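Q:
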């Protein structure tokens, strides 16, 4: 039987690859290629070392169209989320419950975008949400109904008990993107944070700037930034309350962190 990518993590897909980072697939690393496969944007057979081997359908060279895990996971998580008790769950996940004209909704904000979970699916701006990763993240968050209280203990993603090499890679990418985006521009970073609704705070690091941002109602992110000077390059550290894994799959949180970093450095 072939290797099924359905419900596989990026690291599990990566382990099937040669790990040579040869670049023949057009990407800089095998990890980048594994992420593309996970997102249903590529097939394992597109790796020159995997060509001719059985792919997720058990057929050689089946193509990207056969990698349907992305959509299937989204559909399954959405089905679970819409099946919860909306009135009870809204309070637990930090959402707003409404029941107008017999239609129940839970309104939630992810980063700075407002979504509505209805019994017929996830909506944004009154239109069905076609963003599969937004659906995966929000529906996983809702269906878990996490009750873990904040601990005040800040951790990097790589220290959560999940694929460490994967989350470290995502965390490094996000941190480096923010550090490179602002470098010596501490004022610009603060202005951008204000625009996103980030609140400055004090924390456990001796940084030039520390702030807190709620990625989801019960999933805060803590950003510490050191501006570049004559001796050192700019640096950024992203930390999370140790309760995060009780509210969201850590792999999904890693994707959410990348979204936050992209919005923060966007012009």
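Residue numbers (my numbering): 1 to 267. All C-beta atoms in this analysis are idealised placements derived from N, C-alpha and C, irrespective of residue type, glycine included. Because the structure is a prediction, the values reported are computed rather than measured.
1. Can the beta-carbon of residue 25 be found less than 9 Å from the beta-carbon of residue 46?
2. Using DSSP with H/G/I as helix, E/B as strand and the rest coil, what is residue 39?
3. Is DSSP giving residue 110 helix, strand or coil here?
4. Considering only DSSP beta bridges, list what residue 199 is partnered with.
5. I'd like the span of the beta strand (DSSP E) that includes residue 121, first residue to last.
6. Work out the CA separation of residue 94 and residue 201 for me, nearest whole Å.
7. Kindly give me the distance between the Cβ atoms of residue 105 and residue 122, rounded to whole angstroms, as I take these residues to be in contact under 8 Å.
8. Looking only at DSSP bridge pairs, what is residue 155 linked to?
9. For residue 226, list the residues DSSP reports as bridge partners.
10. Residue 98 to residue 81, Cα distance in whole Å?
11. Start and end of the alpha helix (DSSP H) containing residue 100?
12. To the nearest whole angstrom, what separates the beta carbons of residue 225 and residue 213, a pair I think is in contact under 8 Å?
13. Helix, strand or coil for residue 219, going by three-state DSSP, please let me know.
14. Beta-carbon within less than 7 Å of residue 14's beta-carbon, same chain only, minus the 5 sequence neighbours each way: which residues are those?
15. Taking a contact to mean a Cβ-Cβ separation below 9 Å, would you say residue 111 touches residue 238 in this structure?
16. For residue 192, does the count of other Cβ atoms within 10 angstroms reach 16, so buried, or fall short, so exposed?
17. Applying the criterion that 16 or more other CB atoms from any shown protein chain within 10 Å of the CB defines a buried residue, is residue 153 buried or exposed?
18. In this structure, does DSSP put residue 103 in helix, strand or coil?
19. Check each candidate in 205, 171, 130 and name the one with the smallest Cα separation from residue 78.
A: Result, derived from the coordinates:
1. yes
2. coil
3. strand
4. 212
5. 121-124
6. 21 Å
7. Contact flag wrong, Cβ pair sits at about 10 Å.
8. 240
9. 235
10. 16 Å
11. Per DSSP, residue 100 belongs to no alpha helix (DSSP H); it is in the beta strand (DSSP E), 96-100.
12. No, residue 225 and residue 213 are not in contact; Cβ-Cβ is about 12 Å, not under 8 Å.
13. strand
14. 30, 31, 34
15. no
16. buried
17. exposed
18. strand
19. 130
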